[in-house]
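Start counting the sequence shown at 30; every next residue gets the next number (our numbering).
Where a beta carbon is used, it is the ideal one built from N, C-alpha and C, also for glycine.
What follows is a single structure, written as structure tokens, with notes after it.
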Amino acid sequence: MPFQLPACARALWGDLSLKELKKFAFLALVFHLLMAGYWMLRPLKEGIFYALVGIQYLPLARILSFVVVLPVILAYTKLVDLLPRQRILYVVCSLFATLFIFAAFVLHVFELVDDGDQKGTPRPLPRVNSGTVSAIGWMIFFAIESYGSLVLSLFWAFVAVTTKTEGAKK
């Protein structure tokens, strides 16, 4: 007997085959992981920026984030020319993952993050204005800003390329 979803699930999602169910369940998991990553990074963006650069530069950072997105979009269009569409999401997510791991490593090694004391009482982050530390703050801010707009739209482009019309209609 072929696989069939329960009636309540069919009412929500239509008549999916087992293969389609696995595919869409995996895509849903990936989407939720991408969104969870973004929503965890989003509040960190401003806190790290305040500590490493300063609150007075936040309006400028928000304005410049539009300027920074332009080269990111140009790099993305170049990737579209060079790679198959299915691989672009993998490449871009790998680049962002590498960037965020590097940022976490730098923040930890240079003790720019707060681990708290032995009792768990948090210490305030250092107010540093040196050029290198400030540049790290700017990089993290722009990386998180571009992640939110680029990766999520890339995911939906990936879904559109990998899903046939018949499957999408269900």
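Check: DSSP state of Ala57 mapped onto helix, strand, coil; Outcome: helix
Check: Status (buried if at least 16 other CB within 10 Å, exposed otherwise) for Leu58; Outcome: exposed
Check: Simplified DSSP state of Lys107, which is helix, strand or coil; Outcome: helix
Check: Rounded C-alpha distance that separates Asp44 from Ile92; Outcome: 47 Å
Check: Endpoints, alpha helix (DSSP H) assigned at Gly166; Outcome: 160-191
Check: Cutoff 6 Å; reference Glu174; Cβ partners in own chain excluding five residues on either side; Outcome: Ser94
Check: Other residues of its chain near Lys193: CB distance less than 7 Å, five sequence neighbours each side excluded; Outcome: none
Check: Test item: CB-CB of Leu108 and Phe187 under 9 Å; Outcome: no
Check: Buried versus exposed, by CB contacts within 10 Å (16 or more), Ile102; Outcome: exposed
Check: Inter-stretch contact at 8 Å, needing at least 3 Cβ pairs: the region 45-56 / the region 123-142; Outcome: no
Check: Phe171 classed as buried or exposed, judged by whether at least 16 other C-beta atoms fall within 10 angstroms; Outcome: buried
Check: C-alpha gap between Pro88 and Ser178, whole angstroms; Outcome: 19 Å
Check: For Met168, the nearest candidate out of Thr127, Ser182, Trp68, Ala189 (CA to CA); Outcome: Thr127
Check: Distance between Leu63 and Asp110 (C-alpha atoms, nearest Å); Outcome: 24 Å
Check: Host alpha helix (DSSP H) of Ser123 (start-end); Outcome: 114-138
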